[in-house]
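> The numbers in the sequence shown follow numbering that gives the first Met the number 0, run straight up by one, and end at 113.
Quick one: the structure is below, and I'll ask about it shortly.
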Amino acid sequence: MTKVTIYHNPKCSTSRNTLALIREAGIEPTIIEYLKNPLDKAGIVQILKDSGLSAKALIRTKETLYQTLNLDNATEEQLIQAMVEHPVLMNRPIVVTEKGTRLARPIELVKEIL
């Protein structure tokens, strides 16, 4: 059976729908509620490396805190540090399998790695 981990926010409809899609595929994933159990810097860097995303692509630019912290011109390193310090800035859901790592936006991207 495929080992699947989802970095999940139960208040997010996209995250809930992604979790449902995984379960419909017959897989019970490891669920990490990243707001309760935030990733450290190494964890975020690993997700970026494995997914091929930049920190700018992973961060929630429409989040009020993003604007408050004035991150528009921040470096990759500064964006990573902002996500470490403020997990709410990290976009979700993120799904990790041995086939790859995807930011599930749109959720259909997860099908590539299940």
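Virtual Cβ for every residue (Gly too), placed ideally from N, Cα, C.
It should be emphasised that the depicted structure is a prediction, and the values quoted were computed from it without experimental measurement.
Buried or exposed: A41, going by 16 or more other Cβ atoms within 10 Å of its Cβ?
What you label residue 41 is simply residue 42 of the sequence shown in a count that begins at 1. Counting Cβ neighbours within 10 Å, A41 comes out exposed, since fewer than 16 surround it.
> Spatial neighbours of R15 within its chain, please: C-beta separation below 7 Å, excluding the five flanking residues on both sides.
Here residue 15 refers to the residue found at position 16 of the sequence shown. Within the same chain, R15 has close Cβ partners P9.
> Entirely within the segment 14-96 and at least 3 residues each: give me those beta strand (DSSP E) ranges in chain order.
Here the runs fully enclosed are 29-32 and 93-96.
> To which residues does DSSP link L102 through a beta bridge?
If you number the sequence shown from 1, residue 102 lands on position 103. Its beta-bridge partners are I93.
> Given this structure, state the Cα-to-Cα distance separating L88 from E76, to the nearest angstrom.
Locating residue 88 in the sequence shown gives position 89, counting from the first residue. Locating residue 76 in the sequence shown gives position 77, counting from the first residue. Roughly 14 Å separates the two Cα atoms.
> Per DSSP, T1 is paired with what?
Against the sequence shown, residue 1 aligns to sequence position 2. Paired residues: none, contrary to the question.
> Just the C-alpha distance for L52 and L113, rounded to the nearest angstrom, thanks.
For the purposes of this step, residue 52 is taken as the residue at position 53 of the sequence shown. For the purposes of this step, residue 113 is taken as the residue at position 114 of the sequence shown. Rounded to the nearest angstrom, the two C-alpha atoms are 19 Å apart.
> Are the CB atoms of E97 and T1 within a distance shorter than 9 Å?
The residue given as residue 1 occupies position 2 in the sequence shown. The residue given as residue 97 occupies position 98 in the sequence shown. In contact: T1 and E97 (Cβ atoms closer than 9 Å).
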